[in-house]
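Chains A and B, in that order, give the protein sequences.
One point on numbering: in the numbering used here, the residue at position 139 of the first sequence is 139, and numbering is uninterrupted.
One point on numbering: in the numbering used here, the residue at position 337 of the second sequence is 1337, and numbering is uninterrupted.
Built from N, CA and C at the ideal position, the CB exists for glycine as well.
Being a predicted model, the structure only gives us computed values, none of them experimental.
There are 2 protein chains.
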Amino acid sequence: MKNLVGAVMFGQSGGPTSVINSSAAGVFFEALKQKNITAVYGAEHGIVGILNEKFFDISKEDKSELELLKYTPSSALGSARYKLKDADVDDSDYKRILEVFEKYNIRYFFYNGGNDSMDTCNKVSKYLQSVGYDCNVIGVPKTIDNDLYGTDHCPGYASAAKYIANTVMECNLDAKVYNFGCVCIMEIMGRNAGWLTAASALAGYKGLGPDLIYLPEVPFDVDKFVASVKNVCEKNDNKCIVCVSEGLKTAEGKYVAECAVSANDTFGHAQLGGLAQVLANIVKERLGVKVRPIELSLMQRCGAHLASKTDIEEAFNAGAFAVQSAVAGETDKMVIFEREEDGGAYRCKNVLMPLELAANTEKKVPLEWITQDGSYVSDEFVKYALPLIQGDAKAPLEDGLPRFAKLKKVYATLD
Amino acid sequence: MKNLVGAVMFGQSGGPTSVINSSAAGVFFEALKQKNITAVYGAEHGIVGILNEKFFDISKEDKSELELLKYTPSSALGSARYKLKDADVDDSDYKRILEVFEKYNIRYFFYNGGNDSMDTCNKVSKYLQSVGYDCNVIGVPKTIDNDLYGTDHCPGYASAAKYIANTVMECNLDAKVYNFGCVCIMEIMGRNAGWLTAASALAGYKGLGPDLIYLPEVPFDVDKFVASVKNVCEKNDNKCIVCVSEGLKTAEGKYVAECAVSANDTFGHAQLGGLAQVLANIVKERLGVKVRPIELSLMQRCGAHLASKTDIEEAFNAGAFAVQSAVAGETDKMVIFEREEDGGAYRCKNVLMPLELAANTEKKVPLEWITQDGSYVSDEFVKYALPLIQGDAKAPLEDGLPRFAKLKKVYATLD
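This is the structure:
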């Protein structure tokens, strides 16, 4: 536990969310008021910006714009997907990071991201320790996938879940409006964990949910799926809403979305669709019903206008807590959330966990929360997720549209 | 001009919108307080419900639920796509409608829909006149496509436009976040008119718009399109956002989306994608860049959580005005909007237009509002559309999710 005096380096990494910038705001506001912190830098494109010595001087930003970061989706500093090699294989990146950290007297490093980003954060932390460079390193969790180990949930998940639940409710009303049937197949993000797709059950809790929900935790059987859709259609005038995780796999471990072979269109180009399209084609052909595939795509992770206020606040607090912890001498940790429930009221507490536990691990939806036939989730899931999506908060309107943060992004220099 | 005493029949028809139920609320609240109106019926699935003698007694509904209709997307009574034959070819449907109208003493008929629905409304109106049955008939406009003749704009358009502008802003931030490029192709509804796709320019007005916009009013040239994308990519680190109308056609009049031939996936089913997918494949293959196709699908027309308050109010007022006009003796008309601009302030006035003018006509985006190279829209469009999307209003939250109207839907009987 060392109390250090020096600059902060903060970076955002991996897929953006609706509230990752709220964690940035939490880090910035807390760091800017700490006496031991001499400068606050925001890396452009995460670790890539550090390697390229491209980072912004956050003290140059207007406080009102930093405040708007809470309601601004995507990663305001720019994100990256860059995997550091193991230091014992190739330490050139680490040497460069050390060089930059020494040059700018970086004594606090906060990295905001999911599993891969925590791997980066962990590797940097361990390298700096190995060479005896004093720098307190804290990971700030972020992922709509909600699959980080050790934490009750991840900042970013709740807002995506709220977007999904709200959108499924609205699409339910729309898709069932006619005097003829329609099978609506909604594809939701999640390669290996079904947390996001499970969020569609929140729409079901409000009476406007899907008829069937398929998560990647359970092997997907196309014939059983078609039979289940047929069963719903028979009961319900050919109206059926299905939510599927993009990462559904067959029992053989093959992605269902990749079971479509490419073909040529009339321009001579390969033609490929996503999972919803693949399943829509199957249902249409086998059941002869009208089918509409819908992919929630980027909207589910950047739909900040539907963010959960709870999520925004928790993301902000996680960033501030990371700074407070590091200033108090903590290092090599990640912030996690512990749920406290007194008499039914939901509360969430920030706690620290060793960083290496978060790196490259994955937390999946418990199998006991998935119904036995694998086509829905239990009330336990709803009980878990519902408190997370409470409260509305969004960017102020200007001309009827959101006024997102506009950062000056002044590159840091040493003069 | 006849002042009639009798019942109201109201129906919703065609594709739903975020505010079509607000027009229903306007009709219901106004009709329920008119002395000359003896009953208020809502047809289940539009004209189909009339033919089947299936309609709801609106007086049985709670006022608070009717109030929530303003914020509830999709057609609460159920919609239909049903084309009436010309009465001189086959008048059996008309005879049935007359029979039902006589049985329930329907003296007011309000039909809420777009071009096709106004065709239905017009045909019913003309038939009832031809047989001397007194019934005042008023069409209430509705279409996200904004393509009804004679009116400044259509209820439903502004909310979809607001959803599109907001979503393009958010996706812009998301798609440009990385240290590597991505061409994002966003497919927006509109088979023949580009009003909805043009709305993406509102995001551009806020600095977060697409780089290129293609409307169906201008023939689409694939080679020019690829060259334009390449040009943007070269200037902007391979980052480019394109908004396209689903109805883009080649100079030969063929839908670009249909230029993809079907192929078989490994399950042996036909594999087809939409326009965004087709264009994504072309860009990927010709330019070798990462491409993400996004289809705004049903969300753009049912995203009531992003509805325009202006739109909700105008839709409600159009419904109420239709009832007031019919009670005052007007018939065979459709409600249209006239824009009044005094000193820059936007106001919208309800006016009546002969019904036959609205039936089966289409209003397209003026060619002078499309830039000469066909890849963007002018400031004139922004000036036109911006006042329409002002103000926020949405359903109250319950458990963090929208509380939409729940109607009892009690079938009308004559006892």
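Short CB-CB distance (under 8 Å) between residue i and chain A
i: A1308(B); result: Strictly speaking, residue 1308(B) in this sequence is Ser, with Ala absent from that position. Output row for S1308(B): interface = yes.
i: T1167(B); result: yes
i: M1011(B); result: The amino acid at residue 1011(B) is misidentified as Met; the sequence shows Gly. By this cut-off, G1011(B) is not an interface position.
i: R1081(B); result: yes
i: S1074(B); result: yes
i: D1237(B); result: no
i: L1098(B); result: no
i: L1173(B); result: yes
i: I1058(B); result: no
i: K1249(B); result: no
i: P1354(B); result: no
i: P1366(B); result: no
Cutoff 6 Å; reference residue i; Cβ partners in own chain excluding five residues on either side
i: G268(A); result: Bear in mind that the predicted position of G268(A) carries a pLDDT of just 46, short of 50, making it too unreliable to give a figure here.
i: A1203(B); result: A1165, V1168, M1169 and G1209
i: V5(A); result: N36
i: D211(A); result: V232, C240 and I241
i: Q277(A); result: P293
i: C302(A); result: P73 and S74
i: E1053(B); result: V1100
i: F1404(B); result: T1072 and A1395
Residue-chain proximity (residue i, chain B), Cβ-Cβ < 8 Å
i: H305(A); result: yes
i: Y346(A); result: no
i: N179(A); result: yes
i: P301(A); result: Looking at the sequence shown, residue 301(A) is not Pro but Arg. Taking Cβ atoms only, chain B reaches closer than 8 Å to R301(A), which makes this a yes.
i: L51(A); result: no
i: D332(A); result: no
i: V48(A); result: yes
i: P219(A); result: no
i: L298(A); result: yes
i: H153(A); result: no
i: I294(A); result: yes
i: G170(A); result: The sequence shown places Glu at residue 170(A), not Gly. It does: the Cβ of E170(A) has a partner Cβ on chain B nearer than 8 Å.
i: K162(A); result: yes
i: G26(A); result: no
i: P16(A); result: yes
Identified DSSP bridge partners for residue i
i: K349(A); result: E338(A)
i: P1354(B); result: K1333(B)
i: F10(A); result: G42(A) and F110(A)
i: V140(A); result: N112(A)
i: M1186(B); result: C1243(B) and I1294(B)
i: I1213(B); result: C1243(B)
i: E398(A); result: L401(A)
i: K249(A); result: Y255(A)
i: S1325(B); result: None; S1325(B) has no bridge partner.
i: Y411(A); result: F56(A)
i: S375(A); result: Beta-bridge pairing links S375(A) to no other residue.
Close beta carbons around residue i, own chain, < 7 Å, minus the five adjacent residues each side
i: E1380(B); result: W1369
i: C154(A); result: P141, K142, T143, N146 and L148
i: V351(A); result: I336 and E338
i: S1308(B); result: A1158, S1159, K1162, L1388, I1389, Q1390 and G1391
i: V19(A); result: P155, G156, S159, A307, D311, I312 and A315
i: E295(A); result: E187, G274 and A276
Cβ-Cβ separation, residue j to residue i (assumed contact under 8 Å), whole Å
i: V1323(B); j: V1027(B); result: 6 Å
i: C184(A); j: I106(A); result: Rounded, the Cβ-Cβ distance is 50 Å, inconsistent with contact.
i: L388(A); j: T310(A); result: 6 Å
i: C1121(B); j: Y1111(B); result: 4 Å
i: K33(A); j: L84(A); result: With a Cβ gap of about 31 Å, K33(A) and L84(A) do not count as contacting.
i: Q1129(B); j: S1079(B); result: The Cβ separation is near 26 Å, so there is no contact.
i: C243(A); j: L1298(B); result: Actually they do not touch by this definition, with Cβ atoms about 14 Å apart.
Cut-off 8 Å between Cβ atoms - residues of its own chain near residue i, not counting five sequence neighbours on either side
i: N3(A); result: N36, V327, A328 and G329
i: H1305(B); result: K1394, A1395 and P1402
i: L1367(B); result: E1217 and V1218
i: L196(A); result: I144, D145, N146, Y157, A160, A161, I164, I188, M189, G190, S245 and Q300
i: V365(A); result: A193, G194, W195, A198, L215, E217, V377 and F381
Where residue i meets chain C, residues with beta-carbon distance less than 8 Å
i: G1078(B); result: In the displayed structure, chain C is absent; the protein chains listed are A and B.
Proximal residues, the region 370-398 of chain A versus chain B, C-beta separation under 8 Å: L386, I389, Q390, G391, D392, L397 and E398
Compile a chain-ordered list of the residues in the region 1399-1414 of chain B whose CB is closer than 9 Å to at least one CB of chain A. D1399, G1400, L1401, P1402, R1403, F1404 and K1406
Closer than 9 Å, Cβ to any Cβ of chain B: which residues of the region 202-216 of chain A, in chain order? L202, A203, Y205, K206, G207 and L208
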